[in-house]
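Novice:
In UniProt numbering, the protein residues as written are 1 to 255.
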């Protein structure tokens, strides 16, 4: 089963001047500090998934690929997209992947933001199947996406997609061609009850019927309860400290 218990809220923050700090004795586990497209390089990694064996799966955003990185390794292996960093819309290509998740059967889901789609990959396959949206068909209809930046999958194989370009969160059931809009913030996002640039999304299957999401442009993280309107979303910052362009969000694990 994929379901895990979680604690400790973690928010990825970019371009921060807030003074938030991690332990200064941190160890580099992927990449070498130099931007590039070789096996030892990364270029603006946007999301990280760690499986039960401590294997890292990294959305290497500007290299248009997903890298698999073993603990202690100095090189990554491309498991989706092209190893040379080239972009494209084919079944074995990606364009600026932003988010990644796995279902209970080991299938990998990638939010392929530059291609306006979500791709699903069978274990050990580099050819993806489009399961939401479609390449080259950016739009706001229920069968379309616009810059999907994050995706999570629940125990029933429903996808929850942060459809950033459309300022909304969409639920997409397995084997369907249309999504259901859960959170619609399609106005300009000026008020607290509206989305402006939804980015990270986190679904905790075993705790409550809630979604955590970040709004990059509004510097907020929110908790949304299923069935509630966007105006009823609870927005907050971390421990009273301002956030600056929060991106992906996650929680750590306990056994």
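Idealized CB from N, CA, C, for every residue including glycine.
Which residues in the same chain as residue 49 place their Cβ atom closer than 6 Å to its Cβ, once the five residues preceding and following it in sequence are excluded?
Specialist: Around residue 49: 57 and 100.
Novice: If you draw a straight line from the C-alpha of residue 179 to the C-alpha of residue 157, how long is it?
Specialist: When rounded, the distance between both Cα atoms is 13 Å.
Novice: Whose CA, out of 164, 53, 30 and 52, lies closest to the CA of residue 42?
Specialist: The candidate whose alpha carbon is nearest that of residue 42 is 30.
Novice: Is it right to say residue 145 is buried, meaning 16 or more other beta carbons lie within 10 angstroms of its own, or is it exposed?
Specialist: Buried is the call here.
Novice: Under 6 Å Cβ to Cβ from residue 106, same chain only, skipping five residues before and after it: list those, please.
Specialist: Around residue 106: 123.
Novice: Quick one: residues in its chain with C-beta nearer than 8 Å to the C-beta of residue 52, no 5 flanking neighbours on either side, listed in chain order?
Specialist: Cβ within range, chain order: n/a, list empty.
Novice: Can residue 115 and residue 95 be called in contact, C-beta distance under 7 Å?
Specialist: Yes, Cβ-Cβ distance for residue 115 and residue 95 is below 7 Å.
Novice: How many angstroms separate the CA atom of residue 152 from the CA atom of residue 28?
Specialist: Distance between the alpha carbons of residue 152 and residue 28: 26 Å.
Novice: Residue 66 to residue 154, Cα distance in whole Å?
Specialist: Cα to Cα, the separation comes out at about 21 Å.
Novice: Measure the C-alpha to C-alpha separation of residue 80 and residue 182 and round it to an integer number of angstroms.
Specialist: The alpha-carbon atoms of residue 80 and residue 182 are separated by roughly 29 Å.
Novice: With distance defined between alpha-carbon atoms, name the residue in 61, 33, 104 and 87 nearest to residue 74.
Specialist: Comparing Cα positions, the closest option is 33.
Novice: Thinking C-alpha only, which one of 210, 163 and 141 is nearest residue 150?
Specialist: The candidate whose alpha carbon is nearest that of residue 150 is 163.
Novice: Taking residue 77 as the reference, which of 90, 135, 60 and 87 has the closest Cα?
Specialist: Comparing Cα positions, the closest option is 60.
Novice: Which same chain residues, not among the five before or five after residue 92, have their C-beta less than 6 Å away from its C-beta?
Specialist: If we look at residue 92 and ignore the five residues flanking it on each side, its Cβ neighbours are 126 and 127.
Novice: Which of the three DSSP states, helix, strand or coil, is assigned to residue 107?
Specialist: Here residue 107 sits in coil by DSSP.
Novice: Among 147, 174 and 72, which one has its Cα closest to the Cα of residue 165?
Specialist: When only C-alpha atoms are compared, the closest one is 147.
Novice: Between residue 129 and residue 120, how many whole angstroms is the CB-CB distance? I'm expecting something under 8 Å.
Specialist: Contact holds; Cβ gap of about 5 Å.
Novice: Measuring CA to CA, which of 109, 89 and 46 is closest to residue 62?
Specialist: Ranking 109, 89 and 46 by Cα distance to residue 62 puts 46 first.
Novice: Which first and last residues belong to the beta strand (DSSP E) in which residue 171 is found?
Specialist: First-last of the beta strand (DSSP E) with residue 171: 168-172.
Novice: Run through the DSSP bridge pairs and tell me what residue 44 is partnered with.
Specialist: Bridge partners of residue 44: none, in fact.
Novice: Figure out for me which residue from 175, 132, 137 and 136 has the closest Cα to the Cα of residue 169.
Specialist: The shortest C-alpha separation from residue 169 is found at 132.
Novice: Residue 39 to residue 64, Cα distance in whole Å?
Specialist: Roughly 13 Å separates the two Cα atoms.
Novice: Report yes if the CB atom of residue 37 is closer than 7 Å to the CB atom of residue 112, and no otherwise.
Specialist: In this structure, residue 112 does not lie closer than 7 Å to residue 37 by Cβ.
Novice: Residues in the same chain with beta-carbon distance under 6 Å from residue 174, minus the five sequence neighbours each way, listed in chain order, please.
Specialist: Contacts found: 157.
Novice: Which residues bound the beta strand (DSSP E) around residue 56?
Specialist: 56-60 is the span of the beta strand (DSSP E), which, as asked, contains residue 56.
Novice: Quick check on this structure: which residue in 89, 167, 160 and 97 has the alpha carbon closest to the alpha carbon of residue 137?
Specialist: Among 89, 167, 160 and 97, the Cα nearest to that of residue 137 is on 89.
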